[in-house]
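Numbering (my numbering), first residue to last: 882 to 1059. Single-structure report; data block below.
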């Protein structure tokens, strides 16, 4: 069977365009260090509130001085509803949900993460300006969603007092390989 010249040109053109799509996607994904997660920290949502990795909720300081805030999203509330942290200090937030998907957002900052039952989300940020920051749920979670708010109080570093019950070390994480 003879293939016409124009048909060959179209076949090769389509093949080149498809190859270009695949190559550009691969370069964008791997060149930008965007990889699917292979190690994810998981947690049983039924025991998220009492799990040692998330309890007690609130602010804690490691032996090496790192500040952590552990937050659990429950039905229309954040636990804790209020936390006080120092300004100009890296703060690591550990967030999970005990019931449904929530969106943890610190209004006026770059702090935002999804609170998904069964997983612990984590991000680190700094607050350079002392003040009060509103914490909201930005993912619809039910009829009381509009009431799901909390407060993050940022105080000057020299006037901040670390909580008395500090953690001795970072808890072991439970990793799952895919």
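Glycine included, each C-beta is placed from N, C-alpha and C at the ideal position. Just so it is clear, the structure is predicted and the values come from calculations on it, not from any experiment.
Supposed close pair residue 985, residue 969 - CB separation, criterion 8 Å: No, residue 985 and residue 969 are not in contact; Cβ-Cβ is about 22 Å, not under 8 Å.
Cut-off 8 Å between Cβ atoms - residues of its own chain near residue 993, not counting five sequence neighbours on either side: 984, 985, 986, 987, 1004 and 1019
Proximity of residue 912 and residue 959 at Cβ, strictly below 7 Å: no
Neighbour-count burial assignment, residue 908, 16 or more Cβ in a 10 Å radius: exposed
Which listed residue (937, 976, 947 and 886) has its alpha carbon closest to that of residue 922: 976
Presumed contact (8 Å Cβ cut-off) between residue 999 and residue 924, rounded CB distance: 6 Å
Delimiting residues of the alpha helix (DSSP H) encompassing residue 908: 886-912
Cβ neighbour criterion (16 or more within 10 Å) applied to residue 1054: Model confidence at residue 1054 stands at a pLDDT of 46, short of 50, so the residue's coordinates are unreliable; what they give is reported in the following sentence. Burial call: exposed.
Cα-Cα separation between residue 940 and residue 910, rounded to whole angstroms: 36 Å
Selected residue, minimal CA-CA separation from residue 980, among 966, 961, 955 and 963: 955
Limits of the beta strand (DSSP E) - the one that residue 1038 falls within: Segment: none, residue 1038 is in no beta strand (DSSP E) and carries neither H nor E.
DSSP state of residue 995 mapped onto helix, strand, coil: strand
Cβ-based burial, residue 967 [other Cβ within 10 Å; buried from 16]: buried
Boundaries (first-last residue) of the beta strand (DSSP E) holding residue 1002: 1002-1006
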